[in-house]
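Chains as they are written, first to last, in my numbering: chain A, 269 to 614; chain B, -19 to 336; chain C, 60 to 279. From the three backbone atoms N, C-alpha and C, an ideal C-beta is built for every residue, glycine too. In this text the structure is predicted, and so the values were computed from the model without any measurement.
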Amino acid sequence: MRDKKKAGAEEGAIRFEDVSVLYPGSEQPAVADVTLDVAPGTLEVLLGPSGCGKTTLLKSVNRLVEPTQGRVLVDGLDTATLEPTALRRRIGYVIQATGLFPHMSVARNIGVVPRLLGWSDERIAARVFEMLELVDLPQDYGGRAPRQLSGGEAQRVGIARALAAEPAFLLMDEPFGALDAINRLRLQDELRAIHSRLRRTILFVTHDVDEALRIADRIAVMREGRIVQAATPLELLLSPADDFVSELVDADDLFRRLGLMRVGDVVGMADAGAGSSVPPSGDLDGSSGVRPSGDSTTLSSQDDLREALSHLLRSGGDGLPVVGPEGDAVGTLTLSALQAAARGRQ
Amino acid sequence: MEAFKHSIVGSRTHTATFAAIFASMLLMAFALGCSPGQVDAPDANDEIITDGSQGTAPEDPNDEAGTGDDTSGAEVADTPAEGLDRPIVVGSKNFTEAFILGHMYALMLEGAGFEVERSVGLGATPIAHAALLAGEIDLYPEYTSTALITVLQADPISDRDAVYKAVSEAYERDFDLTWLDPSPFNNPQALATRRDVAEEHDVSTYTELAAIADQLTIGGPPEFFEREDGLPGLQEAYGGFDFAETRQLDSGLRYEALVNGDIDVVLAFGTDGQISGFGLVLLEDDQNFFTPYPVAPVVRSDVLQAEPGIATILNSLAPRLTNEIMQVLNWSVDGPDKREPEDVARDFLIAEGLIE
Amino acid sequence: MNTEGRWNALGWGLANPEVILEHTLEHLWLTAMTLLIAGAIALPLGIAVVRMRMRGLDVLVLGALGVVYTIPSLAFFVLLVPWLGLGRDTALVALVAYAQVVLVRNVVAGLRGVDASVIEAARGMGMSGFERLWHVELPLAAPVMLAGARVATVSVIAIGTVAALIRAGGLGELLFVGVATSHRGKIVAGAVAVSVLALGFNVGFRWLESRVGEVVRGTG
């Protein structure tokens, strides 16, 4: 899969080498022989039922938990050799309960780690401004107390606080678990957006499969302290390692699979044989190029297959033309190609 | 690794702990350092008591060298004071008679040219005794039977000479403390009642009172209801004495409760001024149950060796302290006159020609 | 002296305000010193009890302090006088010891009451033990610790009266002399002064507690 040695040496990488954690007084290790590479800039989700050791594994990165065996490497350095507080200041940390300091304003909360690092007041103020913008909060929120925030707003501040000192890494422990469904989806999207912008290495713990599939670059499925499978979301769905993974991610749910694939992926393959690009058929509202929303006559290569299927069914035809990001015609998505993709026989 | 992390956290905690303990020590040092002048100074209690009295030079604690005491010059000739290079500290417990006696001892010694420091108002017999043993005070008035029962934890003895002998021997042997001459007054515990109660029930003796006690309420200090030389002993000696109600009352409040009619019988001391002051009836202890309580100065033997004159001076006071006199003196403080104990003590000593 | 109203409860106090003031100042001094010293001991002790991961340490320390608290003051003095003599120092030692149990208990309760997620966040963000204590735990525990200081202060004011038994001064002088000599004026003056002190400190601390509470809860 991946060249472990190379990944471990890279900046921005997290590497678990044969990590076990045995809590005192407990028979069963919370984490058992975990080896995992998280490549720089990856949003890696640790997915599993509660008690599977995912949070423990997460906390071994910033040494809130010490491995009883093995090593954790951050930026290629063994964390055991690093001063815990210095290490933690380079790693953003977001938890479900937010852990905002109730006696400090939002701005002061965001500025905590920069202040610990001895930044100047001007630099901190500028950074707070930037962070509020990043998490889409009005600037006047800086003066508010955490108590005055809604759950979603509080977690935004939590993320802003974690990112304030420009850490290369972000650890997130079920950050959206306490939010209502709408806020959860919104924050998931924003996290994706932030991730694409900043390209931090993010380790994200959740037990919510939908959330994992929605946001992850890669997912490590854990069970009873071990990693059962580490793969991309699609790989998990298409070829689950065992029944546990299959059941956990509900791999047989074809809609779920389709939701993780993009038109561009399928059309590229399906059209390899066809060879010819199909000109756009009737353009109902007269526009060409980038497909306007609600238009069912052309597909974008960026659409996911679930969306594409919906358009295809509505169009009544066997296929729809696909346009690329620049509006150029890429090919045609056919029902049979969709079917093949959903079955995993590409 | 776990241990490593803990040690880091732990060492920080320890640093904080030690820093704070150090800070507290500094504070303590500051607190103690800024106060010694006041700690040993005659404080406000004395000042109430010495209100309107003579100059307070002899009480100046900073004047330890014994110089500048203008009263000592005249009389130092017949009372050699070179044996002790510091003031004599006179203590007392904290009730009216103790205050008066303490001031009497202090005034007598001052009159003889000694430099005296007063430490009157000690809260209890064990505190006075501990202070005496620790050298915090040099002498204080104590009752023979109190010493026997409270300090020596011995059983009560009804013969007053035997009590004195037992106590003075034990003190000399065990504590290196000397008992000077006892007063003739005997401050025994006694039961007193209002005249109307005595007439209504026609009681004048304990035997008569014991029989009708179940119709009456008695007030006394807490220990009276527990100690063998208190109510339990009375019940054993006389039979009866099953009071309808018992009230625990401090000495100063007991008489008020009696006069107000809240209680009918009170545990009194034979020299309490209230007995004559309120016209109360002292009932007769017809089986001689209560132990005798003459008072005498208890002095540290080393102080007495350094200043043998102390014994002569205080022994000259002892024979004058009779029951009748103490009742009158106590009443000047406790009664409506509300005089200060030191004034009462001084006026008495002047009237007796013991001081000028 | 005061010819009018010898049994008038207020008469003596009104005629001798300077005596009452002097004893009140002594009492204040005793109370303030006790709190300063007791606080300087209780704070690190309470922190140590919470931080040191020794099983049962809290039970041990609070138990021991609780036992100290139950020693009657008179007996405590009798124990201390042979070592420390009479006077304020001895009274201070006893009062500091009495104040410990309330103070330490509230320091421990205050620190333990800090939201676990807040502490986890503080650790995760790279605060050292001291930084966490200083920036997070102590401020958030402040209202509970202040409540402890309030209770301790009021009880020190009350227990402080017995300091008079070993000639440490204070309002106890008025009370005990008053009771011993049936001097109502002194009793009333002493009792009123003690009550005013206790009530005043109680009100003052409560105000402080609510102000600090508002800041800490972010509602101020």
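Query raised in the report: Between the segment 148 to 179 of chain C and chain A, which residues of the former have a C-beta closer than 9 Å to a C-beta of the latter?
Result: Asp174, Ala175, Ser176, Val177, Ile178 and Glu179
Report task. Compare the beta carbon distance of A/Gly338 and A/Glu285 with 8 Å and say whether it is the shorter of the two. Result -> Here residue 338 of chain A is taken as the residue at index 70 of the first sequence, counted from 1. Here residue 285 of chain A is taken as the residue at index 17 of the first sequence, counted from 1. Yes, the pair counts as a contact, with Cβ atoms nearer than the cut-off.
Query - 8 Å Cβ cutoff, B/Phe75 in contact with chain C - result: The sequence position of residue 75 of chain B within the second sequence is 95, counting from 1. Judged by the 8 Å Cβ criterion, B/Phe75 is in contact with chain C.
Query raised in the report: Under the three-state reduction of DSSP, which class applies to A/Leu285: helix, strand or coil?
Result: Here residue 285 of chain A refers to the residue found at position 17 when the first sequence is read from its first residue. This sequence places Glu at residue 285 of chain A; Leu is not what is there. A/Glu285 falls in the strand class under three-state DSSP.
Query raised in the report: Can you name the residues that DSSP bridges to B/Asp244?
Result: What you label residue 244 of chain B is simply residue 264 of the second sequence in a count that begins at 1. B/Asp244 is not bridged to any residue.
Query - Nearest-angstrom beta carbon gap, C/Leu139 and C/Thr129 [assumed within contact, 8 Å] - result: For the purposes of this step, residue 129 of chain C is taken as residue 70 along the third sequence, with counting starting at 1. For the purposes of this step, residue 139 of chain C is taken as residue 80 along the third sequence, with counting starting at 1. Between C/Leu139 and C/Thr129 the Cβ distance is about 16 Å, and since that is not below 8 Å, they are no contact.
Query - Residues from the segment 130 to 150 of chain C in contact with chain B, defined by Cβ distance under 7 Å - result: Leu133, Phe136, Val137, Val140, Pro141, Gly144, Leu145, Gly146, Arg147 and Asp148
Query raised in the report: For chain A, is any of its Cβ atoms less than 8 Å away from the one on C/Leu199?
Result: For the purposes of this step, residue 199 of chain C is identified with residue 140 of the third sequence, where counting begins at 1. It does; some Cβ of chain A falls within 8 Å.
Query raised in the report: If the cut is a Cβ gap below 7 Å, which residues of chain A does C/Val195 touch?
Result: Stepping through the third sequence from its first residue, residue 195 of chain C is reached at position 136. Those within 7 Å of C/Val195 in chain A are Phe369.
**Report entry** Beta-carbon contacts of C/Leu121 that lie in its chain and below 8 Å, excluding the five residues immediately before and after
**Finding:** Sequence index remark: in the third sequence, residue 121 of chain C carries index 62 (1-based). Result list for C/Leu121: Val108, Val160, Val163, Arg164 and Val167, in chain order.
Query raised in the report: Going along the segment 130 to 145 of chain B in order, which residues come within less than 8 Å of chain C, judged by CB to CB distance?
Result: none
Requested in this report: Could you list which residues in chain B have their beta carbon closer than 9 Å to that of C/Leu224, in chain order?
Outcome: The residue given as residue 224 of chain C occupies position 165 in the third sequence. Asn74, Gly101, Leu102, Gly103, Ala104 and Ile107, listed in chain order.
Query - Secondary structure of C/Trp88, DSSP reduced to three states - result: Walking along the third sequence from the start, residue 88 of chain C turns up at place 29. Of the three classes helix, strand and coil, the one that applies to C/Trp88 here is helix, per DSSP.
Requested in this report: Have a look at B/Asn303, B/Val278 and B/Ala237 and flag the residue whose alpha-carbon is nearest the alpha-carbon of C/Ser241.
Outcome: For this step, residue 241 of chain C is matched to residue 182 along the third sequence. Checking every option, the nearest Cα to that of C/Ser241 belongs to B/Ala237.
Query raised in the report: Would B/Ile330 be called buried (16 or more neighbouring beta carbons within 10 Å of its own) or exposed?
Result: Looking up residue 330 of chain B in the second sequence gives position 350. By the 10 Å Cβ count, B/Ile330 comes out exposed.
Report task. Kindly indicate which three-state DSSP category A/Ala538 falls into: helix, strand or coil? Result -> For the purposes of this step, residue 538 of chain A is identified with residue 270 of the first sequence, where counting begins at 1. Here the model assigns A/Ala538 a pLDDT of 42, short of 50, so the residue's position is not dependable, and the following value carries that caveat. Reduced to three states, the DSSP call for A/Ala538 is helix.
Requested in this report: Would you decide whether A/Thr474 is buried or exposed? Buried here means 16 or more other CB atoms lie within 10 Å of its CB.
Outcome: As a first step, residue 474 of chain A must be located in the first sequence, where it is residue number 206. Buried.
Report task. Scan the segment 247 to 275 of chain B for residues whose Cβ lies nearer than 7 Å to a Cβ of chain C and list them as they occur along the chain. Result -> none
Query raised in the report: In this structure, does DSSP put B/Phe408 in helix, strand or coil?
Result: Because chain B is modelled from -19 through 336, residue 408 of chain B falls outside the range shown and cannot be assessed.
Query raised in the report: Is there at least one Cβ from chain C nearer than 8 Å to A/Leu345's Cβ?
Result: Reading the first sequence from its first residue, position 77 is the one you call residue 345 of chain A. Closer than 8 Å: no.
Query raised in the report: Taking Cβ-Cβ distances shorter than 8 Å, what residues in chain B pair up with C/Val274?
Result: Taking the first residue of the third sequence as 1, we reach residue 274 of chain C at position 215. Within chain B, no residue comes near C/Val274; the closest Cβ sits about 23 Å away, beyond 8 Å.
Query raised in the report: In terms of residues, what are the limits of the beta strand (DSSP E) holding A/Pro352?
Result: Taking the first residue of the first sequence as position 1, residue 352 of chain A is located at position 84. No beta strand (DSSP E) holds A/Pro352; the alpha helix (DSSP H) holding it covers Pro352 to Arg357.
Query - Sequence-distant residues of its chain with Cβ nearer than 8 Å to A/Arg412 (five each side left out) - result: The residue labelled residue 412 of chain A in the question sits at position 144 within the first sequence. Cβ neighbours of A/Arg412 beyond the five flanking positions: Ser373 and Val374.
Query - Rounded Cβ spacing between B/Val246 and B/Gly199 (contact assumed at less than 8 Å) - result: Numbered from 1 along the second sequence, position 266 holds the residue referred to as residue 246 of chain B. Numbered from 1 along the second sequence, position 219 holds the residue referred to as residue 199 of chain B. About 5 Å; that satisfies the 8 Å criterion.
Requested in this report: State the Cα-Cα distance for the pair B/Met306 and C/His86, rounded to the nearest angstrom.
Outcome: Walking along the second sequence from the start, residue 306 of chain B turns up at place 326. Walking along the third sequence from the start, residue 86 of chain C turns up at place 27. Going from the Cα of B/Met306 to the Cα of C/His86 covers about 34 Å.
**Report entry** B/Glu322 versus B/Met84 - alpha carbon distance
**Finding:** Translated into positions along the second sequence, residue 322 of chain B becomes position 342. Translated into positions along the second sequence, residue 84 of chain B becomes position 104. Going by the C-alpha atoms only, they are around 8 Å apart.
Query raised in the report: Going along chain B, which residues have a C-beta under 7 Å from C/Thr240?
Result: Counting from one through the third sequence, the residue named residue 240 of chain C turns up at place 181. What C/Thr240 touches in chain B: Thr76, Gly232, Val313 and Asp314.
Query raised in the report: Which residue or residues does DSSP assign as beta-bridge partners of A/Val362?
Result: Start at 1 with the first residue of the first sequence, and residue 362 of chain A comes out as number 94. Beta-bridge pairing links A/Val362 to A/Met440.
Query raised in the report: Nearest-angstrom Cα distance between A/Val477 and A/Val302?
Result: On the first sequence, residue 477 of chain A is found 209 positions in, with the first residue counted as 1. On the first sequence, residue 302 of chain A is found 34 positions in, with the first residue counted as 1. Their backbone Cα atoms lie some 21 Å apart in a straight line.
Query - Residue range of the unbroken beta strand (DSSP E) whose run includes A/Leu304 - result: By 1-based counting over the first sequence, the position of residue 304 of chain A is 36. Element bounds for A/Leu304: Val299 to Val306.
**Report entry** Same chain only: Cβ atoms within 7 Å of B/Glu332, ignoring 5 sequence neighbours per side
**Finding:** Locating residue 332 of chain B in the second sequence gives position 352, where the first residue counts as 1. Excluding sequence neighbours, B/Glu332 sits near Arg300.
Query raised in the report: Tell me the DSSP bridge mates of A/Ile495?
Result: The residue you call residue 495 of chain A lines up with position 227 of the first sequence. DSSP, once it has assigned bridges, lists A/Met490 as partnering A/Ile495.
Query raised in the report: Quick one: what's B/Ile68 bridged to in DSSP?
Result: Reading the second sequence from its first residue, position 88 is the one you call residue 68 of chain B. DSSP output for B/Ile68 lists B/Val96 as bridge partner(s).
Query - Pairwise C-alpha distance: A/Trp387 and A/Val590 - result: Here residue 590 of chain A refers to the residue found at position 322 of the first sequence. Here residue 387 of chain A refers to the residue found at position 119 of the first sequence. If you take the alpha carbons of A/Val590 and A/Trp387, they lie about 51 Å apart.
Query raised in the report: Per DSSP, what kind of secondary structure is A/Ser514 in: helix, strand or coil?
Result: Start at 1 with the first residue of the first sequence, and residue 514 of chain A comes out as number 246. Of the three classes helix, strand and coil, the one that applies to A/Ser514 here is helix, per DSSP.
Requested in this report: For A/Arg235, return the contacting residues in chain C, with the cut-off set at a CB-CB distance below 9 Å.
Outcome: A query on residue 235 of chain A cannot be resolved here, the shown segment of chain A reaching from 269 to 614 and no further.
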